[in-house]
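Following our numbering from start to finish, the sequence shown increments by one per residue and tops out at 930.
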Amino acid sequence: MQTDNLELKKLVYLYLMNYAKSQPDMAIMAVNTFVKDCEDPNPLIRALAVRTMGCIRVDKITEYLCEPLRKCLKDEDPYVRKTAAVCVAKLHDINAQLVEDQGFLDTLKDLISDSNPMVVANAVAALSEIAESHPSSNLLDLNPQSINKLLTALNECTEWGQIFILDCLANYMPKDDREAQRSFSAGGRAGINSFPSPHPGSICERVTPRLSHANSAVVLSAVKVLMKFMEMLSKDLDYYGTLLKKLAPPLVTLLSAEPELQYVALRNINLIVQKRPEILKHEMKVFFVKYNDPIYVKLEKLDIMIRLASQANIAQVLAELKEYATEVDVDFVRKAVRAIGRCAIKVEQSAERCVSTLLDLIQTKVNYVVQEAIVVIKDIFRKYPNKYESVIATLCENLDSLDEPEARAAMIWIVGEYAERIDNADELLESFLEGFHDESTQVQLQLLTAIVKLFLKKPTETQELVQQVLSLATQDSDNPDLRDRGYIYWRLLSTDPVAAKEVVLAEKPLISEETDLIEPTLLDELICYIGTLASVYHKPPSAFVEGSRGVVHKSLPPRTGSVESVESPDTAPSGGPAADQPSVIPTQGDLLGDLLNLDLGPPVSGPPMATSSVQMGAVDLLGGGLDTLLRSDVGGSPAMGGGGSSFTAAPSTTAPTNVGAPLGSGLGDLFDLTGGVGTLSGSYVAPKTVSGAAKLGVQGGTDSRAPPQQRRWGSTRGSVLGDTPGVWLPAMKAKGLEISGTFSRQVGSISMDLVLTNKALQVMSDFAIQFNRNSFGLAPAAPLQVHAPLAPNQSVEISLPLNTVGSVMKMDPLNNLQVAVKNNIDVFYFSTLYPLHILFVEDGKMERQMFLATWKDIPNENETQFQIKDYAVSSKLQGSNIFTIAKRNVEGQDMLYQSLKLTNGIWVLAELRIQPSNPSF
């Protein structure tokens with residue numbers, strides 16, 4: 010070890026590294042030599058000594074390593090410093106507490122400002138390694154100054170140093186807009202000062218040259234940085250379009266490498282295309298399959314071709330796919346046939362051509378081609394119902410050749426779904442039933458459902474068949490899924506055939522264009538891992554790294570500007586007009602973007618409604634005695650506030666009973682009330698009636714809000730509890746989104762309690778809500794907050810606060826509310842009725858003398874009389890802000906005098922007579 014021969018010293022140190030763990034007592038004898046070599050005038054020997062000490066994983070030696078390491082971290086030679094930086098990471102892995110106590114982490118952070126780019130790169134690599142094993146530590150807390158130094162070092166260090174720096178840059182996030190604005194005010198190179206975009210654009214410009222690097226790892230790391238910071242750039246910038254153009258060539262170049270590198274590149278491109286298809290929308294040809302490509306490359310190229318397919322290139326893509334379907338590689342042919350079906354679903358204009366191509370392939374009679382074609386045709390039927398069913402006859406001709414479970418299940422589904430169009434549907438399904446127990450579970454379940462559908466469509470002809478399949482499923486099967494479904498069908502059919510028909514033959518939601526897209530949140534995380542194993546597996550590191558204590562969940566920064574969905578490849582270029590794009594509901598407070606501000610006159614009322622009012626008879630409830638009544642003791646009397654200045658007439662002698670009356674004008678068609686979209690029947694349960702009689706008087710104001718024409722009296726529940734939720738928007742009318750809910754008032758606050766359910770096959774996100782102008786100015790007081798994307802078959806409950814400061818327009822009925830809800834799929838409209846009691850304010854108790862004076866001044870035409878039955882009065886009214894001012898007994902009948910005040914300042918006075926025999930009071 011004492012030799013001056015450098016090559017021999019390297020061999021001795023190598024020997025020590027290998028055998029130190031098995032003979033720690035012997036290894037400690039070499040410590041003095043290490044310490045001495047750390048002060049050798051030759052920088053190579055100093056670096057060799059500190060590197061070897063870091064590699065000897067013996068606790069006793071690490072104690073002696075601290076002092077030499079501290080000196081080497083501040084060594085005058087950059088080679089020694091860069092070696093010592095990596096040694097800190099090795100020492101941290103052996104004894105993390107020792108590194109922290111000795112202050113090595115702070116020294117390592119200081120090395121990021123080192124003048125030598127290789128020292129900077131190694132310091133970043135060491136800090137990144139330590140940060141991954143300790144996610145809670147904030148070691149890489151970068152600021153604009155350190156970022157500038159990293160970008161400067163980027164141009165001069167080795168390719169692996171560049172990768173470390175680029176990965177570090179990808180983790181950087183400006184703390185706020187102010188920091189982003191000033192981060193590069195000083196600039197790092199000529200031209201930076203004049204760059205129009207703030208910090209993210211400056212980083213992008215200085216990272217872009219790495220895209221032309223010869224090392225593919227550097228290229229992918231640069232792509233990762235650019236993909237992240239593009240989220241923070243406005244699409245309106247010219248530089249954004251330039252950046253998109255610059256990203257395409259390096260990705261295309263990666264496809265000219267060896268097959269293994271091509272595969273890694275393709276897996277990464279697959280993610281990039283899902284996030285930003287516009288990058289490669291003009292590069293379809295480079296993904297065409299070559300005859301000598303390995304199968305794994307072929308399949309991946311095929312997948313990307315479908316993702317880039319658009320109306321502009323679909324003819325070219327279909328011609329390629331038809332060629333692929335005649336290849337000899339079975340797996341490749343299968344995927345090519347499925348790809349044709351996916352093209353039909355994605356690009357509607359090409360559907361007919363795709364179906365024609367699939368029929369040509371079926372005519373080849375190649376078994377596996379026929380079976381794949383039938384599977385994808387089933388999906389086409391789901392996407393375009395009642396459009397291509399003429400091909401069913403051709404499919405039935407190939408029934409006997411089907412031997413794969415998925416193809417048999419698809420064919421059975423087609424026969425069951427279109428049984429009314431197939432004359433011998435019962436015979437076809439019966440042929441499958443003969444070998445029921447030999448079929449796979451998938452086929453058995455599909456056969457059971459298809460025969461039940463057939464029975465519901467042709468009950469007289471198929472009774473024996475349905476009994477046979479139900480018996481096989483429930484009595485002769487050991488499969489719990491099959492048995493449970495059989496029992497459900499059996500009980501449905503035996504107890505309520507109408508309900509069975511509604512369940513089994515319900516309208517199915519259309520399948521989405523891309524059924525295999527990665528969920529958006531996961532996609533954003535995987536974009537942050539481009540160039541790593543996670544981007545090849547398409548799984549986050551936590552899914553495959555054993556004992557992943559150091560795995561940090563990453564995500565892209567929030568998009569600048571308004572909410573935007575992922576563009577399709579044929580989206581109009583940045584800044585150009587987007588054709589046929591659905592309107593997007595603006596954020597709350599954007600008064601210029603009133604989505605529902607349709608230029609339509611007030612709705613014309615529908616047919617005359619049935620009346621439920623009953624004349625009160627000859628008894629004058631307003632007779633003498635009211636003056637003495639007001640002197641009785643009924644509790645406190647707070648002063649009235651905010652009453653109107655005059656009494657306005659609101660004649661109405663009827664109470665509506667048909668809450669689902671159609672709206673007139675254009676709004677009726679817009680909301681499709683007669684067709685069932687957002688029908689009002691399920692939105693608000695009409696109030697029960699009370700045994701007794703009521704007489705209402707209305708005092709109105711002269712403000713801009715129109716006085717009500719029709720009054721609804723009563724409350725189904727207390728305002729704290731709210732009403733029973735009903736379905737406001739059925740899933741079948743909203744592409745799989747079901748909205749149900751109710752309204753409530755609690756402690757002076759009105760809220761709309763919603764339940765959003767995703768019954769589609771794709772994730773829903775980017776929710777927003779807006780109300781049309783309405784009678785009382787109801788409007789959302791906050792945006793609709795759905796914090797995580799709504800996965801299929803999931804529900805989320807949301808309480809949306811409301812206020813009454815919105816625009817006012819008299820509705821018919823008065824409490825009609827028209828709502829628009831937007832998500833990443835479309836904008837949906839529905840209409841609902843809100844219970845009036847949510848508008849009764851807490852200060853609606855009128856002072857007694859004011860009550861008397863106001864009551865006497867109410868003209869007869871402002872009074873409404875009707876009868877209420879079977880209602881527990883006293884326990885309900887107070888909870889809904891209906892205040893009892895006084896109470897008296899007239900001829901054995903209890904009389905209640907009440908007041909309430911609406912949110913728009915209108916007062917309502919009521920006299921309620923209770924029958925003495927009423928047990929509810």
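Yeah, the Cβ is synthetic: ideal placement off N, Cα and C, and Gly gets one too.
Every value quoted in this text rests on a predicted model; they were computed, and no experiment measured them.
Whole-angstrom distance between residue j and residue i, CA atom to CA atom
i, j, result
"ASP447", "GLU429", "28 Å"
"GLY392", "LEU770", "Position check: residue 392 holds Lys in this sequence, whereas Gly was assumed. One C-alpha to the other measures close to 12 Å."
"LEU25", "VAL44", "15 Å"
"PHE839", "LYS466", "32 Å"
"VAL97", "TYR181", "23 Å"
"TYR906", "SER784", "27 Å"
"GLY632", "PHE849", "Low per-residue confidence applies at GLY632: pLDDT is 38, beneath 50, and the placement is therefore not dependable enough to give any value."
"LYS742", "ASP821", "24 Å"
"VAL133", "PRO126", "11 Å"
"ALA800", "SER774", "9 Å"
"PRO205", "GLU309", "Bear in mind that the predicted position of PRO205 carries a pLDDT of just 35, short of 50, making it too unreliable to give a figure here."
"LYS118", "LEU149", "8 Å"
"PRO394", "ILE401", "13 Å"
"PRO77", "GLY170", "25 Å"
"LYS299", "ASP312", "15 Å"
"LEU481", "PHE445", "8 Å"
"GLU413", "THR469", "32 Å"
"THR450", "GLN476", "19 Å"
"ILE527", "THR841", "35 Å"
"ASN833", "VAL772", "9 Å"
"ASP490", "GLU443", "20 Å"
"LEU260", "SER230", "12 Å"
"VAL384", "VAL378", "10 Å"
"LYS768", "GLU426", "20 Å"
"PRO549", "ALA179", "16 Å"
"PRO286", "THR541", "21 Å"
"SER753", "PRO739", "22 Å"
"PRO218", "LYS83", "32 Å"
Own chain residues within Cβ distance below 6 Å of residue i, not counting five before or after
i, result
"MET904", "ARG897 and ARG922"
"VAL830", "ILE778 and PHE837"
"LEU120", "ALA94, VAL128 and ALA132"
"PHE113", "VAL97"
"ALA334", "VAL342, ALA345, VAL346 and LEU370"
"LYS910", "VAL850, GLY853 and TRP916"
8 Å CB neighbourhood of residue i in its chain, flanking five on each side removed
i, result
"ARG327", "According to the sequence shown, residue 327 is Leu rather than Arg. For LEU327, where only same-chain residues beyond five positions count, the Cβ hits under 8 Å are ILE349, CYS352, SER359, ARG362, CYS363 and THR366."
"ILE421", "LEU438, PHE441, VAL452, GLN455, LEU456 and ALA459"
"ILE520", "ILE354, ASP388, ARG391, LYS392 and LEU770"
"LYS462", "GLY425, GLU426, ALA428, VAL513 and LEU514"
Reference residue i, options the options, closest by Cα
i, options, result
"ASP49", "LYS69, TRP169, LYS18 and PRO489", "LYS18"
"ASP409", "VAL356, ASN376 and PHE390", "ASN376"
"MET818", "GLN283, ARG782 and GLU76", "ARG782"
"ILE315", "ASP340, GLN283 and ASP302", "GLN283"
"GLU851", "PHE464, SER137 and ILE759", "ILE759"
"LYS854", "GLY914, GLN32 and LEU263", "GLY914"
"ARG55", "VAL89, ASN41 and VAL67", "VAL89"
"ARG215", "LEU163, THR251, GLU516 and GLU240", "LEU163"
"PRO85", "ALA105, GLY63 and ASP123", "The question names Pro, but residue 85 in the sequence shown is Glu. Residue ASP123 is the option with its Cα nearest to GLU85."
"VAL108", "GLU72, LEU53, LYS91 and GLU357", "GLU72"
Beta-ladder partner(s) of residue i, from DSSP
i, result
"GLY888", "Its beta-bridge partners do not exist; DSSP assigns none."
"ASN407", "DSSP lists no partner for ASN407."
"ARG754", "ILE759"
"PHE837", "VAL830"
Residues of its chain near residue i, where Cβ-Cβ distance is below 7 Å and the 5 sequence neighbours each way are ignored
i, result
"TYR305", "TYR272"
"ALA790", "PRO810, LEU811 and ASN812"
"SER486", "ARG492"
Please give the ranges of any alpha helix (DSSP H) in the segment 209-256, keeping only runs that are unbroken, at least 4 residues long and fully inside the region.
As far as the segment 209-256 is concerned, its whole alpha helix (DSSP H) runs of at least 4 residues are 225-239.
Scan the segment 299-352 and note each continuous beta strand (DSSP E) run of 3 residues or more that stays entirely inside, going in chain order.
none
Just list the beta strand (DSSP E) runs in the segment 761-826, keeping only unbroken ones of 3 residues or longer that don't cross its boundaries, in chain order.
777-780 and 804-812
Suppose only complete runs of 4+ residues qualify. What are the alpha helix (DSSP H) ranges in the segment 444-522, listed by chain order?
Runs found: 450-466, 472-483, 489-504 and 506-513.
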